[in-house]
Structures are given as C-alpha cells and as structure tokens.
Amino acid sequence: MVMRQVSQLEKICRKSEAFCSERQPCRNGGTCQNGKCQCMSGTHGPFCERIFWCAYECRPRLTVDCVYNQKDETYGCLCKNRSLVFDYKEGLCKRKRNGNHPLQ
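Counting along the sequence shown from 1, when you hit position 5 you're at 5 in the UniProt record's numbering, and nothing is skipped either side.
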C-alpha cells in the first residue's frame, strides 16, 4: 500500500516537472524548479500570477491592469482603455494631455 502511494507520488512529480519545462507556466519572471514556480520578489501564487502591490494600487480591475517589468522588478497600473492614463494620486484613469500625463 505504501509503495503504491510512493509510486503515484513519483508519477505526479515527474508529470509536474515535464509540465513545467515544456509549458513554462510561471509568469512575471518566475522560474520553474522541481515542478513548482519560484516567484520573483513581490509576486506570488501557483504560477506567480499575483502581484502584491497591485491589490492595493491598481483598482478597479475592470478598468485597470497591473503590469510587471521583469527587468527592473517594478510594477505599474495601466488603463485598459489605452487612450487614458492612470492617475496614481486619485487612483483612476483620466484623459491624456500632452505626453502621457493625466488632465488635472
């Protein structure tokens, strides 16, 4: 009975490692190690899909996306309507004026 459970567990681990190396499911700069995603600083979740900072800054999710820059490990809010720009002071999307700054 114990040998059967160990054998099943080994199969699951091998499948996970194969899935990890073939599909590269880890997001936001996470890397796959031993069948699991190792997340970069500031990210979490089974596939590193969640960003701690975003839960507080980039709202509402219906109109704002959180973007993660892997190179310098920074985060930012991006309006789904690309003709708008996110105003961090007010926490909402506004029309752009000159450059990519919100209208006041």
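We put the beta carbon where it would ideally sit given N, CA and C, even for glycine.
Alpha-carbon spacing of residue i relative to residue j, whole angstroms
{"i": "Asp65", "j": "Gly45", "result": "17 Å"}
{"i": "Ala55", "j": "Arg27", "result": "17 Å"}
{"i": "Glu90", "j": "Arg59", "result": "11 Å"}
{"i": "Tyr68", "j": "Arg61", "result": "15 Å"}
{"i": "Cys48", "j": "Tyr88", "result": "24 Å"}
Cβ neighbour criterion (16 or more within 10 Å) applied to residue i
{"i": "Val85", "result": "buried"}
{"i": "Thr74", "result": "exposed"}
{"i": "Cys43", "result": "Looking at the sequence shown, residue 43 is not Cys but Thr. With 16 or more Cβ atoms within 10 Å of its Cβ, Thr43 is classed as buried."}
Local conformation of residue i per DSSP, three classes
{"i": "residue 107", "result": "As shown, the chain starts at 1 and ends at 104. That puts residue 107 outside it, with no answer to give."}
{"i": "Leu84", "result": "strand"}
{"i": "Thr63", "result": "coil"}
Neighbourhood of residue i by C-beta, 7 Å cutoff - its chain only, sequence neighbours within 5 removed
{"i": "Gly76", "result": "Val67"}
Close beta carbons around residue i, own chain, < 6 Å, minus the five adjacent residues each side
{"i": "Pro25", "result": "Phe47"}
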